[in-house]
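A.B. asks: One structure, as structure tokens, below. Some questions next.
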Amino acid sequence: MIDVLGFLITLTTYIGIYLVLSLTLTLEVSSGITNFGKVAFYGLGAYTGALIGTYLPLAITGSRASPFDVNGIQLLYTISKSNPVLDLSVFLLSLAAGFAVSALFGLLLTYPIHRVGSALVGFTLLSTGEVLRLFYLNTEPLGESKGFMGIPNPFAWLPQARGAEALYLIIVWCFVGLTYFIVSRIMNSPLGRILKGMRDDELVALYAGWPTPLIKSKVLALTSGLTGVAGVLWAYYFTSINPNMFTPSLTFNIWAMVILGGIDSIVGGVLGTVLLASVDYAARFVIPFIGTTLVTPDYLRWIIVGLVMLVVLLKKPEGLAPRRGGVSKL
Amino acid sequence: MITQDLISFFLFSLLYLTVTIPLVLAYRVTKVINFTVANYITYGAYTAVLLDYYMRSSFGHNSLLLTVLSSFAVTGLIAVLSNLAVFKPLAEMRVKGDVLMIASMGLWIVLKYVLYIVSDIASSAWRTNLVSYSQIHYDDISLLTVRAGLVGVQQSLVVFPLLALASMLILYLVLNATRVGRAVLAVADNSVLASLSGIAVGRVVSLTWFLTAGLTSLAGVMWTTYSGAITPEVGDSLILQVFTIAFIGGLSSLTRTAAGALLISGVENFGTDLLSTYLGLPTSIKPMLTFTVLLATLIVSPPLGVAGGVPYRFTRGARR
Amino acid sequence: MGVKLIVEKVTKRFGGVVALNRVSINVPSSLVVGLIGPNGSGKTTLFNVVTGYYTPDEGRVLIEGSGRVVDITGWNPNRISRLGVARTFQIPRLIPSLTVLENMLLFYDYGSCASITCSLRRKWVDVEEAAVARAMSILREFGLESIAHKRPAELSAGHLKLVETLRGLMSDAKLFMLDEPFAGVESWMARKLTDTIRKINREKGSTFVVIEHRITELLEGVDYVYVLHNGSLLAEGKPDEAVSDERVIKAYLGK
Ligand SMILES: Nc1ncnc2c1ncn2[C@@H]1O[C@H](COP(=O)(O)OP(=O)(O)OP(=O)(O)O)[C@@H](O)[C@H]1O
Ligand SMILES: [Mg+2]
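Given below as structure tokens:
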């Protein structure tokens, strides 16, 4: 018997987290920030969340267990089951910390990149993601290649598992709503027009009197913070994370979603995300049933992601749902 | 320890030069920030791997010359095709450089996983493990070393300088001694002027793709004589260093690029060693050192004006 | 009111090339001044130095307005333009994905309404209304309402130059620096541009520096002319004086 409701809840949670990533990427792209390092900020948020979520409850309860061995993981589970207040406050603290850490990191990173062209920005952010991943992979207090495994579910204390899942889904989607609100308000405002001008011709925006490096820093700080929160949400949803989840492929996946829907169109980004994330998730769900095949289905999936990017760019550069009209709504 | 460092400094400098010099030239002609250079390296290495397996099982020996020619042809062809299928149509649509770069990302993913599939299929057809292939020995090189009285010298010590030198020589000869090469240089300097003076820019661009990609693949071949386990990740694992070096060269100056190659190779080999001996840092900080150099380059001497960005020195300090 | 532009012994080198060699000019307020010189004489470079695109190697750039002298040497372009300096480019640069109206709005000073918080709280509506009204009235005044919603790709060279000039009005520019506004523009459009410049100069008292490299097409009604040659100031004076100057004729004909 397939659990349809469970499948739907998981799918919508998954889509929700991807939506935060693609919405923020849409804002970045429309400001001329070619962020090939989404995964850097996402991973940073996830690891910040995991760090707080595991070390803090153990420290508060005075346990000396390591969050990486069976005892520690068991203990974390028991704490989250029995102490709703601690469990929830650790989660909320993680969300705040995830935002702060990623936003600060984004802000610091804009210093080296605010003078150079988008190619160099893109590459630098891409490398940032990889360097961070290698850092997680080689740092003992971060669990090295195994990563964190006992991140407590913030609603573990609820008697019904289904209720916990549904509550979590609501939280994720509230955050998607907030992100959508922020991104669309900014893009449909005079600031959105300045961002667009900056993307098309940074020099003209500068001559129009706008301090473009400063504006870029602010935008990247904001979007990175939101991306960091998405990372926290992912960590607490999956309850375990490892460096392998944060490879550059994730970034390209999000780029493919945004390109498919239409670069700089919010609706397009949402559409592309829902489409690709559903296919992606369905594939993950179905692939294990296929068994071993000559051609690994996962590779095919990636080839399709790459082809989607290329075909859309070549044949329908405005995407499935292009942006209509100008910025001014007057 | 220090000799070991010196040897790898030497080898990696040559490896980086072989990749970055063609990369910078290609950028100047095609204006594409091309991430598929990672694929060129990998495809070069894997043409060598497939050929090595085939040659060994059919004839019992393998030749570097044959390998180089095949890798060059395969990779060059892939580059020409990707230009025809992706970059040329996009350039005709007059898209911004960003879009070309994003397209190269898409192409990178496609080419990368196509290679995974090919090596999987070949592995199962030949019942061997091609996804992690052992170091390759080339019989013509062995012959050469024995002739020269260098018995017992690792092949990499011969092959790296040989191929790097060959690559530079080919580049130098083609660019300076042939008409089409001078046309390439003219387009690199100013494609509008070049087309006004009657140069067929389209053909020159195609040739550049073929030549630069082919030369990049030599780095893949070099790698097969060095690494103990050749995997389809070779190219990807070099991309940070390669682009850092290209950015040090400002994507335009060949001398600065060459200096960048030596710098990165030095930082990676001596820097990591020093830090681990004197500060006890793990050798896994190697990529972080390279990354630090990248950030420092962007802060101290940003390649302004290339590929967008503010084309002058944007000074925050100069506010009197 | 216009402002006075003072360039003091400015030198700018590019490697071995001396693009500007101790150039000093002194543009009085509310005047229309021509800057002429053969190709490569350093006219655009002078604009780039004044507007902050380049920092001069030597010398100073000063702006004097309402009794205040500001040394703008080494300032960034955005600060200089907020001071009331507007420029155009030799090849017009409008934002391709924005309409003419939106291109004009980009140059309006939204102040704090361009911040992220203001955008989130949608506090910009009144300011935007004022900005749109201002842009439309400028376009109307110069008979351009019909192109307000067109994109730059649909416009003629003359219209592009015109819009590029007019967007300076959005930010209340007091000094306009126009780089070859008549190059590649049909003659009726060139006349319209001249009228526009005159009109702005008369009504707002703005100062104009206008580059023109063909000496014969020198804009009629220019009050004063500077002649650049190989990076140095060759001559200056009333248009007819400057044009009949021996050295100027030699520079143009003889090289
Ligand atoms: N960024 C630069 N790098 C190197 N040389 C430059 C640069 N900008 C200008 N030059 C050189 O400085 C000199 C002056 O150029 P500039 O563009 O100011 O001339 P111009 O008077 O505007 O000419 P034109 O009438 O052709 O527009 C020329 O020799 C030019 O080659
Ligand atoms: Mg000029």
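Chains as they are written, first to last, in the numbering used here: chain A, 1 to 330; chain B, 1001 to 1320; chain C, 2001 to 2255.
Note that the Cβ used here is the ideal one computed from N, Cα and C, for glycine as well.
For ligand 1, is there a heavy atom less than 7 Å away from the beta-carbon of C/Gly2002?
C.D. replies: no
A.B. asks: Taking a Cβ distance cut-off of 7 Å, strictly less, list which residues of the stretch 266-279 of chain A are near chain B, in chain order.
C.D. replies: none
A.B. asks: Mind checking B/Leu1014: buried by the 16 CB within 10 Å criterion, or exposed?
C.D. replies: buried
A.B. asks: Just tell me which of B/Ile1007, B/Thr1003 and B/Ala1026 has its CA closest to the CA of B/Leu1211.
C.D. replies: B/Leu1211 has its Cα closest to that of B/Ala1026, out of B/Ile1007, B/Thr1003 and B/Ala1026.
A.B. asks: For A/Leu125, which residues from the same chain have a beta carbon less than 6 Å from its beta carbon, with the 5 sequence-adjacent residues on both sides left out?
C.D. replies: Cβ neighbours of A/Leu125 within its own chain (closer than 6 Å, five residues either side excluded): Asn35, Phe36 and Gly37.
A.B. asks: Just checking my contact of B/Thr1224 with B/Val1037 at CB under 8 Å: how many whole Å lie between their CB atoms?
C.D. replies: Incorrect: roughly 17 Å between the Cβ atoms, too far for contact.
A.B. asks: Which residues of chain A have a Cβ atom closer than 9 Å to the Cβ of C/Ser2112, listed in chain order?
C.D. replies: By Cβ distance, chain A contributes nothing, its closest Cβ being about 11 Å from C/Ser2112, past 9 Å.
A.B. asks: Between B/Leu1064 and B/Gln1155, what straight-line distance do the alpha-carbon atoms span, to the nearest angstrom?
C.D. replies: So the alpha carbons of these two residues sit roughly 11 Å apart.
A.B. asks: Tell me, please, whether the CB atom of C/Ile2211 is closer than 8 Å to any CB atom in chain A?
C.D. replies: no
A.B. asks: Taking CB distances under 8 Å as the criterion, tell me whether B/Leu1090 reaches chain A.
C.D. replies: yes
A.B. asks: Could you tell me if C/Pro2152 is buried or exposed, where buried requires 16 or more neighbouring beta carbons within 10 angstroms of its beta carbon?
C.D. replies: buried
A.B. asks: Please state whether DSSP places B/Val1300 in a helix, a strand or coil.
C.D. replies: helix
A.B. asks: Given this structure, state the Cα-to-Cα distance separating B/Ala1166 from B/Val1159, to the nearest angstrom.
C.D. replies: 10 Å
A.B. asks: Only counting the same chain, and skipping five residues up and downstream in sequence, which positions put a Cβ closer than 6 Å to that of B/Ala1246?
C.D. replies: Correct list, in chain order: Thr1020, Leu1023 and Val1024.
A.B. asks: I'd like to check one pair, A/Pro84 with A/Leu76: are the Cβ atoms closer than 8 Å?
C.D. replies: no
A.B. asks: Using C-beta distances below 7 Å, list every residue in its chain close to A/Ser217, excluding the 5 sequence neighbours before and after it, in chain order.
C.D. replies: Leu107, Thr110 and His114
A.B. asks: When you compare the CB of A/Lys196 with every CB in chain C, is at least one pair closer than 8 Å?
C.D. replies: yes
A.B. asks: Just the chain A side, please: which residues come within less than 9 Å of C/Glu2154 by C-beta, in chain order?
C.D. replies: Within chain A, no residue comes near C/Glu2154; the closest Cβ sits about 15 Å away, beyond 9 Å.
A.B. asks: The alpha helix (DSSP H) that contains B/Tyr1113, what's its start and end?
C.D. replies: First-last of the alpha helix (DSSP H) with B/Tyr1113: Gly1097 to Trp1126.
A.B. asks: Would you check if the distance between the CB atom of A/Ala97 and the CB atom of A/Ile60 is smaller than 8 Å?
C.D. replies: no
A.B. asks: Counting only beta-carbon atoms, is A/Ala119 nearer than 8 Å to chain B?
C.D. replies: yes
A.B. asks: Would you check if the distance between the CB atom of B/Gly1181 and the CB atom of B/Val1187 is smaller than 8 Å?
C.D. replies: no
A.B. asks: Strictly closer than 6 Å from CB to any heavy atom of ligand 1: give me those residues in the order they appear in the chain.
C.D. replies: C/Phe2014, C/Val2017, C/Ala2019, C/Gly2037, C/Asn2039, C/Gly2040, C/Ser2041, C/Gly2042, C/Lys2043, C/Thr2044, C/Thr2045, C/Gln2090 and C/His2213
A.B. asks: Flag C/Arg2087 as yes if its beta-carbon sits less than 8 Å from any beta-carbon of chain A, otherwise no.
C.D. replies: yes
A.B. asks: Give the straight-line distance between the Cα atoms of B/Arg1127 and B/Tyr1113, rounded to the nearest whole angstrom.
C.D. replies: Rounded to the nearest angstrom, the two C-alpha atoms are 20 Å apart.
A.B. asks: Beta carbon of C/Asp2179: closer than 7 Å to some heavy atom of ligand 4?
C.D. replies: This structure simply doesn't include ligand 4; it includes ligand 1 and ligand 2 instead.
A.B. asks: Could you name each continuous alpha helix (DSSP H) segment of 4 residues or more that falls completely within the stretch 95-144 of chain A, going from the start of the chain to the end?
C.D. replies: Within the stretch 95-144 of chain A, the complete alpha helix (DSSP H) runs of at least 4 residues are 118-138.
A.B. asks: Name the DSSP bridge partner or partners of C/Leu2178?
C.D. replies: C/Val2210
A.B. asks: I'd like to know whether the C-beta of C/Arg2198 is nearer than 8 Å to at least one C-beta of chain A.
C.D. replies: no
A.B. asks: Considering only residues of the same chain and omitting the five flanking positions on each side of A/Tyr17, which have a CB-CB separation below 8 Å?
C.D. replies: With the sequence shown as reference, residue 17 of chain A is identified as Ile, and Tyr is not the correct amino acid for it. Taken in chain order, the residues that qualify are Val172, Ala230, Leu233, Trp234 and Tyr237.
A.B. asks: DSSP three-state label for B/His1061, please.
C.D. replies: coil
A.B. asks: Any Cβ of chain A within less than 8 Å of the Cβ of B/Gly1250?
C.D. replies: Chain A contact via Cβ: absent.
A.B. asks: Span of the alpha helix (DSSP H) holding A/Gly228?
C.D. replies: The continuous alpha helix (DSSP H) containing A/Gly228 extends over residues Thr212 to Phe238.
A.B. asks: Specify the secondary structure class of B/Leu1229 as computed by DSSP and reduced to three states.
C.D. replies: Sequence inspection shows Ala at residue 1229 of chain B; the Leu mentioned does not correspond to that position. B/Ala1229 falls in the strand class under three-state DSSP.
A.B. asks: Where does B/Met1093 land, buried or exposed, given buried means 16+ other C-beta within 10 angstroms?
C.D. replies: exposed
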